[in-house]
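Under full-length UniProt numbering, think of the first position of the sequence shown as 1, with each following residue one higher. A short write-up of the structure that comes next.
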Amino acid sequence: MEQSLIGYADLAFIDGNTAELGIAIGDRSIWGKGNGFNACVKMIDYASSYLGITTFTAETTESNIRAKKMLAKLGFKEVSRIGKEEYLGTDSQLIQYRL
Numbered sequence: 001m002e003q004s005l006i007g008y009a010d011l012a013f014i015d016g017n018t019a020e021l022g023i024a025i026g027d028r029s030i031w032g033k034g035n036g037f038n039a040c041v042k043m044i045d046y047a048s049s050y051l052g053i054t055t056f057t058a059e060t061t062e063s064n065i066r067a068k069k070m071l072a073k074l075g076f077k078e079v080s081r082i083g084k085e086e087y088l089g090t091d092s093q094l095i096q097y098r099l
């Protein structure tokens, strides 16, 4: 079985028991197959168990439908809409989430 890096999950802005969850899957041919979701589940489990993180934040753009669906499936709730960012060549509203 060939192994290769397809993306990553990370934690940023760790402050006490809060951290921002990030995810990126680079190869578009494998988007929508659950890899990002599974990576996030493992990162949340690890951060909760070993780092004491109890509150997770995340951010995506309004036009990133897959990320919005994944965050909802993970249990994240929208908490604000602050800022704009380019996504796939178009300016898009940023949405902030909390779990």
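Beta carbons are placed, not taken as given, at the ideal position from N, Cα and C, and that holds for glycine. Source: prediction; values computed, not measured.
- Cβ-Cβ separation between Lys-77 and Tyr-46: approximately 22 Å, too far for a contact (criterion under 8 Å).
- Closest in C-alpha terms to Val-79, from the list Glu-85, Tyr-87, Lys-69 and Leu-94, comes Leu-94.
- Per DSSP, reduced to three states, the secondary structure at Ile-23 is strand.
- Close CB contacts of Met-43 within its chain, under the 6 Å cut and outside five residues either way in sequence, are with Ala-9 (chain order).
- No residue range can be given for Lys-33, since it is assigned to no beta strand (DSSP E) and is classified by DSSP as neither H nor E.
- Out of Ile-25, Phe-13, Asp-15 and Leu-21, the CA that lies nearest to the CA of Leu-5 is found in Ile-25.
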